[in-house]
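Numbers 29 to 304, taken from the numbering used here, label the letters of the sequence shown in order. Data block below; observations after.
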Amino acid sequence: MDKLKVCFLGTGSMGSSVLKGLLAAGHHPKLISATTNSEASAASLRELGISALSVEEASDANSLLAADSDLVVLGVKPYALLDLIDEIAAELPTTAVVVSMAAGIELATIAKRLPGHPELIRSMPNTPALVGSGVTGLAAADSATARSLDVATWLFEQVGSVVEVREDQINALSAISGSGPAWIYFLIEKWHEVALAQGFTEEQAKLLVEKTLIGSAKLLELTGEEPNKLRRAVTSPGGTTARIIETLDQADLTHLFDKALRSAVARAQELANPKG
Ligand SMILES: NC(=O)c1ccc[n+]([C@@H]2O[C@H](COP(=O)([O-])OP(=O)(O)OC[C@H]3O[C@@H](n4cnc5c(N)ncnc54)[C@H](OP(=O)(O)O)[C@@H]3O)[C@@H](O)[C@H]2O)c1
């Protein structure tokens, strides 16, 4: 993999975090290229030692860089993805592994725009990739080789963990891990609100909630214990924590979480197949 020419087309928050992970892992900057819309974004990427072009300065930037790549990562917003594909289709090498990060756009839709390009992979990363702790789901087109999946796995392992799934699981994966940071931050917001209501200062509430979350996550990771076991360790029968768990359990969180997940999957299906 260390000789692969990797090109990021559309290098915003998600694309640049993967790109930076790749650089940090020691991939040679001369093997990495990127495009952006604005020249300002391209200039800041060039400071990393890679070649970066903007569409603002070179209207053929995407096809130019895609033409000389082994692995092409499509990192524009979903609404811009199909135009980008049309732009590069003629120049893209047929052997190139193409990895889309776009939420909601199916492999069949991409394949229709890229006839003769079998190596298609769909990915769903999440924002902790920015700090090297992402989780990325990958689904390969039936036409793709096992090597292409290995290439995509290698790429996203530079910024965290990778899970291979079937494409029909991507929307559920997206609801769990892609949107996962939003679930967690929303819980933090609510937890913070109830701490404030108890008279703690903003600073104290932030510290109590966030450090508890980070510490608990570290404990989970470093001990490798089941969450259930760690929870029981702080829950004496008949004690105060037991009251908290009983109260939360009355709200049937499993049902609520399942409902939230299903609503996200339904929305992803609507976005992929708009009516009219
Ligand atoms: N953010 C997430 O949590 C997340 C999670 C999973 C998947 N994704 C997917 O990742 C993709 C990118 O999301 P993002 O959050 O990274 O978006 P973003 O920060 O807005 O980045 C989009 C990038 O595309 C560039 N761009 C726009 N038009 C272009 C064109 N015609 N040619 C080349 N580059 C162009 C932009 O350039 P400028 O920098 O000049 O504006 C920017 O660098 C989306 O498809 C999204 O569905 C995102």
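Heads up, the beta-carbon is just placed ideally off N, CA and C, and yes, glycines get one too.
Is any heavy atom of ligand 1 found at a distance shorter than 7 Å from the C-beta of residue i?
i    : result
M129 : yes
L142 : no
S69  : yes
K105 : yes
G40  : yes
A108 : yes
M29  : no
G266 : no
S161 : no
P156 : no
L148 : no
P121 : no
G252 : no
N90  : yes
N65  : yes
V83  : yes
S43  : As written in the sequence, residue 43 is Gly, which differs from the Ser given in the question. For ligand 1, at least one heavy atom lies less than 7 Å from the Cβ of G43.
G206 : yes
L76  : no
L47  : no
L241 : no
L299 : no
L93  : no
Output the boundary residues of the alpha helix (DSSP H) element that contains residue i.
i    : result
T240 : 230 to 251
S205 : From DSSP, S205 is part of no alpha helix (DSSP H); its letter is neither H nor E.
R150 : Careful: R150 lies outside any alpha helix (DSSP H), inside the beta strand (DSSP E) at 148 to 152.
T275 : 268 to 278
S264 : Segment: none, S264 is in no alpha helix (DSSP H) and carries neither H nor E.
R194 : Taken as a continuous stretch (DSSP letters only), R194 belongs to no alpha helix (DSSP H), as it is neither H nor E.
K287 : 281 to 300
S91  : 89 to 94
E254 : Neither: E254 is in no alpha helix (DSSP H) and is coded neither H nor E.
A108 : 106 to 116
Are the Cβ atoms of residue i and residue j separated by less than 8 Å?
i    : j    : result
S91  : I78  : no
L166 : F184 : yes
T63  : S87  : no
I204 : L289 : yes
G132 : A300 : yes
A223 : L241 : no
C35  : A108 : no
W182 : M42  : no
Who does residue i pair with in a DSSP beta bridge?
i    : result
A80  : A62
F36  : A62, V101
V163 : S189
A168 : I149
V125 : L99
Please list the terminal residues of the continuous beta strand (DSSP E) segment that includes residue i.
i    : result
L133 : Reading off the sequence shown, one finds Ile at residue 133, where the question assumed Leu. I133 -> no beta strand (DSSP E), and no H or E assigned at all.
G43  : Run containing G43: none in the beta strand (DSSP E); it sits in the alpha helix (DSSP H), 41 to 52.
_Under 8 Å: do the region 156 to 163 and the region 130 to 138 share three or more Cβ pairs, one atom per stretch?_
Too few Cβ pairs lie closer than 8 Å, so no.
*Counting pairs of Cβ atoms below 8 Å between the region 144 to 154 and the region 121 to 128, do you hit three or more?*
Result yes; three or more Cβ-Cβ pairs closer than 8 Å.
_Measuring CB atoms only, is the region 172 to 188 touching the region 214 to 221, in the sense that at least three cross pairs come out at less than 8 Å?_
Verdict: no, contact absent.
*Report yes or no: do the region 89 to 108 and the region 54 to 72 share at least 3 C-beta pairs separated by less than 8 Å?*
The region 89 to 108 vs the region 54 to 72: in contact.
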